[in-house]
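There are 2 protein chains.
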Amino acid sequence: MSYGPAILEIVEVSREHLTAEQIFLKMKEKGSGVVLATVYNNLARLHQQGRIRRICVDGFPERYDRTARHDHLVCRRCGSLADVCFPDLTELLQSRTEEKLLNYDLQVSYLCPACRKALTED
Amino acid sequence: MSYGPAILEIVEVSREHLTAEQIFLKMKEKGSGVVLATVYNNLARLHQQGRIRRICVDGFPERYDRTARHDHLVCRRCGSLADVCFPDLTELLQSRTEEKLLNYDLQVSYLCPACRKALTED
DNA sequence: CTCTCTTCTTAGAATCAATCTAATTTTAAA
DNA sequence: TTTAAAATTAGATTGATTCTAAGAAGAGAG
């Protein structure tokens with residue numbers, strides 16, 4: 002069987018920053034009989050192989066993302082993610098330390114349009 | 002009573018990136034009869050007030066840190082944190098988007114000295 | 001003081017994402 | 001085949017964190 006390829010495709014194609022549970026539901030919608038634990042297993046393996054990214058935001062379940070270089074705006078209020086592409090900082094960062102840097106994760110907090118609206122209405 | 006000040010001081014003084022549980026243990030060592038839930042309550046309040054930082058690394062419990070500007074090296078293998086101070090990126094980032102940015106969190110992954118050693122010994 | 005209102009603390013239960021266990025099935029290899 | 005390795009499964013378990021409901025402490029007003 003191997004659900005790996007199907008799961009990888011969902012993560013890469015949908016630009017939605019899906020949780021394991023959401024990926025599981027998408028699989029079921031497509032008629033797959035896969036089980037949640039298998040989705041977790043595959044996501045862990047894909048992540049370990051460096052083929053998908055894992056996005057960790059305080060208070061929310063892990064979300065998964067393609068690896069192509071980009072950064073994230075994280076809504077301080079609702080936790081929603083928006084893609085954004087800041088300049089590549091790899092060289093700048095590496096030039097400032099002796100340690101061998103592997104990669105980096107830049108999350109910038111903001112208020113998403115919906116939350117900004119909700120807050121001004123109070 | 003109010004355990005807030007004592008908890009804030011532990012986070013600010015110790016540069017150890019402590020978890021809620023570790024802070025709780027430090028309080029008890031000092032003779033405090035505080036309860037774990039209260040430590041969580043106070044940490045949540047202090048964080049909401051913007052007086053402490055919360056560090057979220059995939060697979061590890063939340064750790065708490067002073068707010069003074071600095072970044073983190075995160076060991077890919079053991080999750081340990083090391084402080085590092087890269088240049089302030091606020092203006093660079095803000096100049097690249099229309100959204101009003103609040104603050105940012107930059108985590109750079111690497112292998113800490115201990116893990117580098119352990120891996121070359123295999 | 002003392003009454004009231006709000007904040008803080010507490011024990012214990014509950015939550016829930018994520019992992020583990022142990023058994024089964026698939027796949028690959030020899 | 002036979003064996004071994006990898007993937008999947010159902011179900012139980014974990015463990016950090018939050019919630020609940022009740023009690024204690026502090027702060028102001030009169």
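For the record, the sequence lines run as chains V and G. Count along the first sequence from 1, add 1, and you get the number used in this note's numbering. Count along the second sequence from 1, add 1, and you get the number used in this note's numbering. Every residue gets a Cβ at the ideal spot worked out from N, C-alpha and C, and that includes glycine. Everything numeric in this text was worked out from a predicted model, so none of it was measured.
Problem set entry | Neighbour flag for G:D59 against chain V, beta carbons, 7 Å | For G:D59, the answer is yes, since a Cβ of chain V falls inside 7 Å of its Cβ.
Exercise. In chain order, what residues of the same chain have a beta carbon less than 8 Å from the beta carbon of G:I24, not counting five sequence neighbours either side?
Worked result: I8, I11, V12, V40, L44, Y65
For this session: Closer than 9 Å, Cβ to Cβ, to anything on chain V: give me those residues from the segment 54-84 of chain G, in chain order.
Result: Against chain V - using a Cβ distance shorter than 9 Å - the residues of the segment 54-84 of chain G are R55, I56, C57, V58, D59, G60, E63, D72, L74, V75, R77, A83.
Exercise. At a cut of 8 Å, does the segment 102-119 of chain V reach the segment 95-102 of chain G through at least three beta carbon pairs?
Worked result: yes
For this session: In the DSSP assignment, find the unbroken alpha helix (DSSP H) run with G:Y124 in it and report its ends.
Result: This structure does not reach residue 124 of chain G, given that chain G is present from 2 up to 123, and the question cannot be answered.
Exercise. Quick one: what's got a C-beta closer than 8 Å to G:C86's C-beta in the same chain, skipping five residues either side?
Worked result: R70, H71, D72
Exercise. What span of residues does the alpha helix (DSSP H) with V:H48 cover, start to end?
Worked result: Per DSSP, the unbroken alpha helix (DSSP H) holding V:H48 starts and ends at 37-49.
Problem set entry | Amino acids of chain G, ordered along the chain, whose beta-carbon sits closer than 7 Å to that of V:D106 | Q108
Exercise. Listing by chain order, which chain G residues have their CB less than 8 Å from the CB of V:L26?
Worked result: Chain G residues near V:L26: none, gap ~22 Å exceeds 8 Å.
Problem set entry | Residues of its chain near V:Y105, where Cβ-Cβ distance is below 8 Å and the 5 sequence neighbours each way are ignored | L90, T91, L94
For this session: For the segment 86-100 of chain V, enumerate the residues whose C-beta is nearer than 7 Å to any C-beta of chain G, in chain order.
Result: F87, L94, R97, T98, E100
Exercise. Considering V:L74, what are the terminal residues of the beta strand (DSSP E) in which it resides?
Worked result: Under the DSSP assignment, V:L74 falls in the beta strand (DSSP E) whose first and last residues are 72-76.
Problem set entry | G:A21 classed as buried or exposed, judged by whether at least 16 other C-beta atoms fall within 10 angstroms | buried
Problem set entry | Whole-Å CB distance - V:L47 paired with V:G5, under 8 Å assumed | 7 Å
Exercise. Can you tell which of G:L120, G:L26, G:C76, G:D59 has its C-alpha closest to the C-alpha of V:R54?
Worked result: G:D59
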